[in-house]
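Here the structure is laid out as C-alpha cells; the discussion comes afterwards.
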Amino acid sequence: MQGDKFVRERERLINRLIREGILKDPKVIKAMLKVPREEFVPEKYKQHAYIDSPLPTLNGQTISAPHMVAMMCELLDLDVGHKVLEVGTGSGYHAAVCAEIVAPSDVDSKLWGHVYSIERVPRLAVFARNNLERTGYSDKVTVIVGDGTLGYSPAAPYDRILVTAAAPNIPKPLIEQLALNGRIVIPVGGTYYQELIVGVKISDSEIKTYSAGGCVFVPLIGRYGWRF
Ligand code: SAM
C-alpha cells in the first residue's frame, strides 16, 4: 500500500540521518518520524518525498532537504511549550516538525507551545495552510502572510526563531523579538552560499553567534533582507 511505502521510506531516511550523526535529539527524531513529508510536496513530487533533497514547491521556491530540517531543529534545541517564529513557511513541513516538538499530541494541551510562521508569497501560504489542515497541525501552527524580516510583533517575544531563507544579516526586528536566552537559527551570507548562524540572546542588546557550517537557501526578500 502507498501509505506503508511512505512510512518505510521515512523510517529508512531518518535511520540514515541518525547513522550519519545529523539526528541526535530523540524529540526531533520522533517528530520527523511522525510528520508525513509526502503531504507537503506538490502531487508530482510525492514519489520523491524521501529523497534527501530540496524539492520545488510553488513560485520557484523549495521545501528544504530533510537533513537541513533535522540540523536546524537540532540547533534550535526545541522543547515542549516553546513559542516559535518561523520566517519562510513554504510548504508548512518544517513548521509541522517544530509543532510536533513544542506541542506533542501525547502531552496535555495546556502545556503546548505554538508555531507562528510567516510567508511572503500568498499562494504558498494557502498551500501550507491546506497541507497543515490535512495533516492535523492547524491548531498548532498559525500561518501569516507578510514580510517576515519584520518579524511578527503581535505574538513576540519568541523562545525560538527559525529563518528558512538566506539573509544578508540577521534582521534587527528578529533580534528584538527574540526572548532573553532565546535562540535564532538563520542562514546568513550571499545569495548563492551562506553560513548557518546560531544566535543566543544574552542581553536586551546583545546576541552571541557562531556558525554551524555552510548551507544554500533561497533568498530572504524583504525590508531587512534582500531587495530585488
Ligand atoms: N520552511 C519551508 C518548508 O518547510 O517548506 C521551506 C522554505 S523555502 C526554503 C523559503 C521560503 O521563504 C519561501 O517559501 C519564500 O517565499 C519565503 N520567503 C522569502 N523571503 C521571505 C520573507 N521576507 N518573509 C517571509 N517569507 C519569505
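Sequential numbering from 1 applies to the sequence shown in my numbering. Note that beta-carbon positions come from the ideal geometry of N, C-alpha and C, so glycine has one too. Computed from a predicted structure; not experimentally measured.
For G189, is the beta carbon positioned less than 8 Å from some heavy atom of the ligand SAM?
no
Going along the chain, which residues of its own chain have a beta-carbon closer than 7 Å to the beta-carbon of S91, five neighbours each way excluded?
Contacts found: F40, V41, T57, I63, F127, A128 and N131.
Pull up the CB-CB distance for K208 and N181, whole angstroms please, since I reckon it's below 8 Å.
About 11 Å; that fails the 8 Å criterion.
Could you give the first and the last residue of the continuous alpha helix (DSSP H) run that contains V231?
The question about residue 231 has no answer here: the residues shown for the chain are numbered 1 through 228.
Using only the heavy atoms of the ligand SAM, determine whether one of them is closer than 8 Å to the beta carbon of Y93.
yes
Closest Cα partner of Y152 within the set G88, C73 and G190
G88
Please report how far the alpha carbon of R37 lies from the alpha carbon of L178, in whole angstroms.
28 Å
Pull up the CB-CB distance for I101 and K27, whole angstroms please, since I reckon it's below 8 Å.
5 Å
Is the distance from the Cβ of R160 to the Cβ of D77 below 9 Å?
yes
If you draw a straight line from the alpha carbon of Q194 to that of P219, how long is it in whole angstroms?
C-alpha of Q194 to C-alpha of P219: approximately 10 Å in a straight line.
Reference E43; option with closest CA among M32, K34, V35 and L55:
L55
How many whole angstroms separate the CB atoms of V121 and H94, which I take to be in contact at a CB cut-off of 8 Å?
That pair is no contact at about 16 Å.
Determine the contact status of K110 and Y158, defining contact as a CB-CB distance below 9 Å.
no
Are the C-beta of S117 and some C-beta of chain D separated by less than 9 Å?
The structure shown contains no chain D; it holds only a single protein chain.
Between A155, S138 and R16, which has its C-alpha nearest S105's C-alpha?
S138
Taking the alpha-carbon positions, what's the D204 to E9 distance?
Their Cα atoms are separated by approximately 45 Å.
Start-end ranges of the alpha helix (DSSP H) lying completely within the stretch 36-97, minimum 4 residues
66-76
Neighbourhood of L150 by C-beta, 8 Å cutoff - its chain only, sequence neighbours within 5 removed
P171, P173, G222, R223 and Y224
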